[in-house]
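Visitor: In UniProt numbering, the protein residues as written are 45 to 256. We put the CB at the ideal spot given by N, CA and C, even for glycine. It should be emphasised that the depicted structure is a prediction, and the values quoted were computed from it without experimental measurement.
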Ligand code: DGP
Ligand code: NA
Ligand code: NA
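(1) Label residue 157 either buried or exposed according to how many other C-beta atoms from any shown protein chain fall within 10 Å of its C-beta, with 16 as the threshold for buried.
(2) Using a 10 Å radius around the Cβ and a threshold of 16 neighbouring Cβ atoms, would you call residue 103 buried or exposed?
(3) Taking Cβ positions, are residue 245 and residue 178 nearer each other than 8 Å?
(4) Taking contact to mean 3 or more Cβ pairs, one atom from each stretch, closer than 8 Å, check whether the segment 180-197 and the segment 61-76 are in contact.
(5) Residue 60 bridges to which residues according to DSSP?
(6) Is it a yes or a no for the segment 85-99 touching the segment 119-129, going by three-plus beta-carbon pairs under 8 Å?
(7) In chain order, what residues of the same chain have a beta carbon less than 6 Å from the beta carbon of residue 237, not counting five sequence neighbours either side?
(8) Buried or exposed, going by whether 16 or more other CB atoms sit within 10 Å of the CB of residue 131?
(9) Heavy atom of ligand 1 less than 7 Å from the Cβ of residue 109, yes or no?
(10) Could you tell me the alpha carbon to alpha carbon distance between residue 243 and residue 211, rounded to whole angstroms?
(11) Exposed or buried, what is residue 143 when buried is set at 16 or more other beta-carbons lying within 10 Å of its beta-carbon?
(12) Could you check if residue 134 is buried or exposed, using at least 16 other CB atoms within 10 Å of its CB as the buried criterion?
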């Protein structure tokens, strides 16, 4: 009906973030979730940070592949800038009703940089004012298990000792609003959990929960 269309048009999309250690399976779960939600008829996009396609993103990519060196604070601010440069597009998409599935966000920023020994509060500061997710899902795996999966790509942070520190940092960040999913479950089970919790979140946003 006409009224139904109005409701659909007025409701906003959900900002859903997946976080976890390297090799936790986040990226393939994002892809699966995207096609599941598309199949159900939702307007949805999958995003990832760092977004390596921008000018800032190319600097980050060069740093991650060890082709350039940067001060730890400087690279932290570039990762943050990479999120800031996408903020207005992110907001526009959400307000137009598109749900975003985001592979890494501010929490990666804090977890990875504080794992290097940077001050926790200093790491959080440049993230203040970015859009707050409606849902953060942590794909939980021990660093040892993640390392066993093999195929760390050889990028800067993909080393067991460092990932152990990142895991400790994530533990400090996780709060009761996050949903944790056991990343060692069979792929289909993880997919099912993710589908359930994201659908719940999307429905809440459609009811008119405001974007903070
Ligand atoms: P990915 O493309 O998801 O594999 O991410 C690249 C690497 O960068 C990965 O090891 C996680 C790390 N990373 C992601 N976001 C940030 C960030 O904001 N700050 C720092 N220091 N590292 C990040
Ligand atoms: Na990676
Ligand atoms: Na990834």
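Guide: So, to answer that:
(1) buried
(2) buried
(3) In this structure, the beta-carbon distance from residue 245 to residue 178 falls below 8 Å.
(4) Judged by Cβ distances under 8 Å, the segment 180-197 makes contact with the segment 61-76, as three or more pairs qualify.
(5) 145, 179
(6) Verdict: yes, contact present.
(7) 225
(8) exposed
(9) no
(10) 27 Å
(11) buried
(12) buried
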